[in-house]
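Okay, structure first, notes after.
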Amino acid sequence: MEHFLAAYNEGDPRHLDHCLHPEYRHPNPAVERGIEGMRAAIRRWASTVEDLSLTLDDLVVEGDKAVARMTFSGRQVGPILGIPASGRRFSVGLIDIFLIEDGLFAQHWDEMDLLGLHRQLGALPD
Numbered sequence: 000m001e002h003f004l005a006a007y008n009e010g011d012p013r014h015l016d017h018c019l020h021p022e023y024r025h026p027n028p029a030v031e032r033g034i035e036g037m038r039a040a041i042r043r044w045a046s047t048v049e050d051l052s053l054t055l056d057d058l059v060v061e062g063d064k065a066v067a068r069m070t071f072s073g074r075q076v077g078p079i080l081g082i083p084a085s086g087r088r089f090s091v092g093l094i095d096i097f098l099i100e101d102g103l104f105a106q107h108w109d110e111m112d113l114l115g116l117h118r119q120l121g122a123l124p125d
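Quick note: the sequence shown uses numbering that gives the first Met the number 0, first residue 0, plus one each step.
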């Protein structure tokens, strides 16, 4: 988990080489399969969010699955999910479920507080 968090927090997708399976499967079919798809996702977030922070709040590991409850925060400086740059700070909850294969994250499913994100970025009224 340490390398996954560092990839976001440092904006350096090379950390993924230490924690992702080479054939990593992203839940978004538009994201390229493999580590490169996640590298691109991290580069996108790093280019649109200043002071990006991904913090681990809870981690539960059982069998071949790890569930991480995290907080994702920063200041929007570029478009996010179709929302123009606002300069606003945000902090939202995120839950990822990772499938583990050969000791590496091989796939994940995620749920992010998108309603909270849209409200905090001014795309929806409070």
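Yeah, the Cβ is synthetic: ideal placement off N, Cα and C, and Gly gets one too.
Helix or strand or just coil, what does DSSP make of residue i?
i, result
"G115", "helix"
"L80", "coil"
"L123", "coil"
"R38", "helix"
"G52", "The question names Gly, but residue 52 in the sequence shown is Ser. Strand."
"P21", "strand"
"A6", "helix"
"D16", "helix"
"S46", "helix"
"E110", "strand"
Taking 7 Å as the threshold (C-beta atoms), are residue j and residue i in contact?
i, j, result
"A84", "V76", "yes"
"E110", "G73", "no"
"L104", "C18", "It should be pointed out that residue 104 corresponds to Phe in this sequence rather than to Leu. Closer than 7 Å, so yes."
"A5", "L15", "no"
"Q106", "R24", "yes"
"F89", "Q119", "yes"
"M69", "L51", "no"
Does the CB of residue i have a neighbour CB from chain C at under 7 Å?
i, result
"N8", "Chain labels in this structure do not include chain C; a single protein chain is all it has."
So residue i and residue j are in contact, right, with Cβ under 8 Å, and what is the actual spacing, rounded?
i, j, result
"V30", "A45", "Rounded, the Cβ-Cβ distance is 15 Å, inconsistent with contact."
"M0", "L58", "6 Å"
Please name the residue or residues paired with residue i in a DSSP beta bridge.
i, result
"E31", "DSSP, once it has assigned bridges, lists no residue as partnering E31."
"S72", "S52 and S90"
"A65", "V60 and F97"
Problem set entry | Cβ contact check for the stretch 55-74 and the stretch 18-37: 3 or more pairs under 8 Å | no
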